[in-house]
Amino acid sequence: MADNSKIEWTDATWNPVRGCVKLSPGCKHCYAETFAERFRGVPGHPYEQGFDLKLIPGKLAEPLRWKASKRVFVNSMSDLFLDDVPEAYIEAVARVMALADWHTFQVLTKRAERMQRLLSTRLAFAARLPNVWWGVSVEDRKYGLPRVKHLRAAPARVRFLSIEPLLEDLGTVDFTGVDGVIVGGESGAKARPLDPDWVRSVREQCDAAGVAFFFKQWGGKRKAAAGRVLDGRTYDALPRSTVAPFPEEARRLRLLEDAEALAAPWLAPPALAAGGVVSAAASA
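Here it is as structure tokens:
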């Protein structure tokens, strides 16, 4: 299960949505799609429908069941702000994050315009939560950098960038209002190359702007062998996490009931919502 993750900058993954649609060059060799499509057609498997979009309300309350505080990557196998994910469902996810205020939630999207709009309207209650980081993916100048502008325009308390896979020199980047930057190269058999000077440029600009810099990986065909050492050291800085103490058991169970109540309307028929299949499955 997802309460232990091998991703360097998080502790756990939480996927109340599965599946996605490719949007830009950074999606070309999507690890999540590759994984999910391996199981298309396998009866009873969580990814029996491959990487098709599916809402998983049975997982909405999952963070309330964990017995320790964690950094939680939200939707490692999807994008919360996909067009076909209903606003009401996105709000339910955000309200769970507000309930579980002893976790740090890391929300990452390529749909920056929709995130900006919702954080300014329906999700305004969640925009300023100290335990939620709102972030965008950046891979290049054409598609990635415009997302940064939308992120800065969103009324988020904590903002971060995932510059992964970094596909070219980004040039000068305005990091105003950004709290942390994660940089990494693409991994896998078809990984595109990462020039060290592209990484150094981002690191130097982060240093100048006082932005936390985390170098995740060089990537390549042999990710583990390539490692994550840049110029003789590792870079592990992340935004500060402001979270509540882990609750006493009685309070956690009460909040778990509240989270399960948020999920209840989505667990009932009908089985379709705004183009996304709704599944009660809470596995994987």
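Sequential numbering of the sequence shown, starting at 60, is according to my numbering. Glycine included, each C-beta is placed from N, C-alpha and C at the ideal position.
Next on the checklist: If you follow the alpha helix (DSSP H) that THR293 is in, where does it begin and where does it stop?
Outcome noted: It is not in any alpha helix (DSSP H) - THR293 carries neither H nor E in the DSSP assignment.
Checklist entry - Roughly how many angstroms separate the alpha carbons of ALA327 and ARG218, rounded to a whole number? => result Each residue's alpha carbon lies about 35 Å from the other.
Checklist entry - So, helix, strand or coil for GLY109, using DSSP? => result coil
Checklist entry - Using a Cβ-Cβ cut-off of 6 Å (strictly less than) and excluding sequence neighbours within five positions of MET156, which residues of its own chain qualify? => result PHE164, VAL191
Next on the checklist: Spatial neighbours of LEU314 within its chain, please: C-beta separation below 6 Å, excluding the five flanking residues on both sides.
Outcome noted: LEU123, LEU158
Item to check | Where TRP73 sits in the DSSP three-state scheme | outcome: strand
Checklist entry - Just to confirm, are GLU198 and PRO224 a CB contact at a threshold of 7 Å? => result yes
Next on the checklist: Comparing C-alpha positions only, which one of GLU150, GLU308, GLY243, SER128 sits nearest to GLY286?
Outcome noted: When only C-alpha atoms are compared, the closest one is GLY243.
Checklist entry - Expressed to the nearest angstrom, what Euclidean distance is found between the alpha-carbon atoms of GLY269 and VAL240? => result 11 Å
Checklist entry - If you draw a straight line from the C-alpha of ALA95 to the C-alpha of GLU121, how long is it? => result 21 Å
Item to check | Own chain, CB closer than 8 Å to ARG173, minus 5 neighbours either side, in chain order | outcome: PHE140, ASP142
Item to check | Cβ separation of LYS249 and HIS88, assumed to be a contact under 8 Å, to the nearest whole Å | outcome: About 5 Å; that satisfies the 8 Å criterion.
Checklist entry - Are PRO189 and ARG154 close, meaning C-beta to C-beta below 7 Å? => result no
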